[in-house]
Amino acid sequence: MSYAHSPALERRSRAPRAPPPPSKGVERAKLLEKLALSHERLSGDPAAFRRAAIEMLQAALASGRDEARKALEDGGTGRGCAEALSAQTDDLLRVALEMSARWLAPAQPGQSLPTIVAVGGYGRGMLAPFSDIDLLFLLPDKPPPGVERVVESLLYVLWDLKQKVGHATRTVDECLKQARADMTIRTTLIEARFIVGDKGLFETLQKRFDAEIVAKTAPEFVAAKLAEREARVRRAGASRYLVEPNVKEGKGGLRDLNTLFWISKYVYRVRNAHELVAAGLFSPREFALFRRCEEFLWSVRCRLHFLAGRAEERLSFDVQRPIARQLGYSTRAGLIDVERFMKHYFLIAKDVGDLTAIVCAALEERQTKRTPAFGRLVGRLRRRTRAIADAEDFKVDNDRVNVISNDAFERDPVNLIRLFWIADRSNLPIHPNATRLVTQSLKRIDARLREDQEANRLFLDILTSRNAPEIALRRMNEAGVLGRFIPDFGRVVGMMQFSMYHHYTVDEHLIRAVGELSGVEAGRLAEDLPLATKIMPQIAHRTELYLATFLHDIAKGRGVDHSLAGAEVARKLGPRLGLSPANTDRVAWLIEQHLVMSNMAQGRDLLDPRTAEALSAIVQTQERLKMLLTLTVADIRAVGPGVWNGWKGQLLRTLYWETEVVLGGGHSVIDRKGRVKAAQETLRRSLPGWSDPEFDAYALRHYPAYWLKVEPARQIAHAKLLHAMAAETRSLATEVTTDAFHGVTAVTVVAPDHPRLLTGIAGACAAAGGNIVDAQIFTTTDGLALDTIFVSRAFERDEDELRRGQRIAANIEKTLRGEVRLSEMASPKQPRDVRRGAFAIEPEVTVDNNLSRRYTVVEVSGLDRPGLLRDLTATLSSLNLNIGSAHIVTFGEKAVDSFYISDLTGQKINAPARQAAIKRRLLADFGAN
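With my numbering as the guide, the letters of the sequence shown map in order to residues 1070 to 1998.
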């Protein structure tokens, strides 16, 4: 189905193993014999017998689970593990039922027992190690007396065994009545499976459910399941390329496969999955893909449960590497073991998406022949077909683009690109039949098509479309076309970066970056990105900017500098796409430099002349500066939710304007004084209650750097805080605000400035359990420090997080007042982020005297941890160094902190021995706890 399952990924370095021996499970006969002996021995003490019985059942349960785990680790399949656990649970239920009926809640002689039916996931005969057990206790219309006592006793046994049980006790009529009204109950009954009791009663339920409900309600069931899937995917994360995916509920996960099977069973009225081939839904090859996806996901899920020791469905960073190694992945071809495993995972998720499209296409084709109303399931109601101008092989079918005949791609392979071009130009979705035909025709995307002038023209039109290039590119990627047409892109399909900073796979990030760029151009992001929105229409080389954005990370995972390698990819691809040599070089330059502006904005003193001079030497022209800013913004925003914020936007704007001044020979469209004045005027309008003299006096309290670096919303908050402090004649104050969207809490501190102030703030913050992830540090003209630190969020509710932030602020105030010493503060025990333990980052320290005219710049990078900033600043202070400014950045688990320092006389650190001492002491901080 997917080109990405080409052999390379399937050939993992592991020798074939013999299948594991069959599971013994819970040995019912022996267990019942032991229980009988125990009951005979303890017949006079029911409580003692119950305790002994529970211990026996717990031992049997643990033994069965251990056996299933060992079989899995010895080379067994995930499906085999899940089936073994389900069979063991069946036997456990039979034993527990007999124990309850004989000894715990004795039934009358000859009394019938409840019929136990497995439903839901358990009903499929597959159970993850710590999953819930869903049971239906099926009763006849007139239940015999005492049967409910037996059911209750059985449930208490299961609860004592720490089993999570979902259960219902109903007659056949009650089951059908509930199923008519509740889609969830209807779904659980699709996979009902007999365990013990009256099999005839169970078969009556199945026959009546099929005849009275399934046969009459297929359209509404399918519509409900597809809508439910969309809602579930939105909750779990809309992209199937989230780097910590939910194996069960996420897009492309097991629940998607379950949904396909539920729908298929309901519509095609089959009992087993393999019957779907005979029913015509899947080809044998497609059904093999279904089984392969199911097996892989079950193998991952069972291992995930065993590693976590609970029903954990999120494939988080801390478990990815252990599972990768269990599955036999190794490091090679520029990818570490865990990245190769996760790439396989995402390709499987993509295949699940292909199967979803197949099922939707088949269902629509099947049902529209019977009733047009069924079109509601996957599209619009009325079946309309019309031709498309200038596209003889395509038509509009139910408001979606479809092929006119199944040989459209065989006759003209360019149609494999033209289909997406037409869909974008027409602002229409693609018909599932066309999508299925595309996935079956991927081999037609060969070297000849890649060199075809028309195909390349169409692709460039798609990439630079003013409609929705992100949607078009994602369609191409999910169909497998994009990775075949641009082979270098194919290398990053499904590739994750083992980092807490990146939220998406590389291919998804690149497509989202194009979407962000398109949003800038369309003016949709003007509020967040005023400068990028303003300069985008001024960029003369629009096509080159889009192509660079699409390619900027395309060389990730090659074991070399991806910026340099990506530039080489662009130099080869540009001519193929019809770019001139000069424009190809322009794309390559953008890719090579795409990280420079972000790194400078966040890690350098932007008002130090050397910073803008360094960037101007790199960009050389205003056009390049505009292109680089816009690419940088799109790149950062596409990393993931919460990565972009107003502070980063303000830093990039300041760097842009400062560099523009240098490029203009000291002149700018808006010079520094003009920008400061504009910022002051904006703030003035936001403070209508202030008099002009009040505001003028306040404005003089800030240096130009403040007005150029701080975003307007925070300037307003600062003004109100400083105004209140002046009115109350205070010289120390704190303020706390929460930001749930960005996952941080901001603590603003105003205090008399002194060399060790930052160390005191960072130390008090760490002692209160706050982990600093960013900081803004300023000094007023009257000697006050105005520092805002951002700590990672600990609580979901704002009320709880605000109380925590206020505790941090109180700690800082006590420290700065001298009421408590940092050494006397005991850091609270914090819940350890186990995910951070999955990463190993070699710390680095660089000392540079060329980045600033006045200061020595020390850049420190390594694995972030609570209290790191406190330790780094304390070390610098202990070395008798003055910190002129600090620039704090975190990239997920990685901290990159830059300090502009001087000695106590205000001089740079020039002596090699002293520079070496600084490096040695700072590196030692990464070994601190």
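In this text, a Cβ means the ideal position worked out from N, Cα and C, and glycines have one as well.
In this text the structure is predicted, and so the values were computed from the model without any measurement.
Residue i vs residue j beta-carbon contact at 8 Å
i	j	result
A1503	V1470	yes
A1639	V1656	yes
S1587	P1538	yes
T2006	D1325	Residue numbering for the chain in the displayed model covers 1070 to 1998; residue 2006 lies beyond these limits and cannot be assessed.
A1796	T1806	no
T1798	A1943	no
L1853	A1820	yes
F1031	S1510	There is simply no residue 1031 to check, as the chain begins at 1070 and stops at 1998 in what is shown.
T1803	D1822	no
L1126	L1161	yes
I1957	L1938	yes
L1154	G1147	no
Option nearest residue i by Cα separation, candidates the options
i	options	result
A1516	P1599, I1687, R1645	R1645
G1144	V1369, R1360, T1817	V1369
I1392	G1403, H1413, W1776	H1413
A2024	V1226, V1188, L1205	In this structure the chain extends from 1070 to 1998, so residue 2024 is not present and cannot be described.
V1562	R1535, G1626, A1601	G1626
T1857	K1778, M1605, S1667, C1362	K1778
G1733	L1697, Q1689, G1838	Q1689
P1213	R1560, G1349, P1178	P1178
F1619	M1565, V1629, A1707, S1112	A1707
Separation of residue j from residue i, as counted between CA atoms
i	j	result
N1525	A1492	17 Å
R1693	D1597	22 Å
A1156	E1096	11 Å
F1528	R1519	10 Å
E1152	T1817	56 Å
I1473	R1611	35 Å
L1446	N1467	Because L1446 carries a pLDDT of 42, less than 50, the predicted location of this residue cannot be relied on, and no value is offered for it.
N1979	N1918	8 Å
L1659	N1536	24 Å
D1677	D1740	16 Å
C1150	G1322	18 Å
L1801	L1791	10 Å
G1718	H1578	19 Å
V1965	Q1749	31 Å
E1888	E1882	9 Å
D1869	I1841	18 Å
S1649	D1521	17 Å
I1987	R1890	25 Å
I1264	Q1232	17 Å
G1996	G1953	26 Å
Run of the alpha helix (DSSP H) containing residue i, from where it starts to where it stops
i	result
Y1924	Counting along the chain, Y1924 falls outside any alpha helix (DSSP H), and DSSP gives it neither H nor E.
Q1177	From DSSP, Q1177 is part of no alpha helix (DSSP H); its letter is neither H nor E.
L1166	1147-1168
L1616	1611-1620
N1525	1522-1532
V1220	1216-1229
Q1275	1268-1281
K1603	1599-1604
M1125	1115-1142
W1367	1353-1377
Extent of the continuous beta strand (DSSP E) to which residue i belongs
i	result
Q1845	1841-1848
I1608	Counting along the chain, I1608 falls outside any beta strand (DSSP E), and DSSP gives it neither H nor E.
E1913	1913-1917
V2038	Because the chain spans 1070 through 1998 in this model, residue 2038 falls outside it and cannot be assessed.
Within-8 Å CB hit, residue i to chain B
i	result
F1375	Absent here is chain B; the protein component of the structure consists of one chain.
Counterpart residues of residue i in DSSP-defined beta bridges
i	result
P1501	Paired residues: none, contrary to the question.
A1460	I1457
F1263	V1186
H1956	S1967
R1469	D1466
Y1573	L1311
H1236	L1204
P1821	L1853
R1383	N1315
A1815	T1806, F1859
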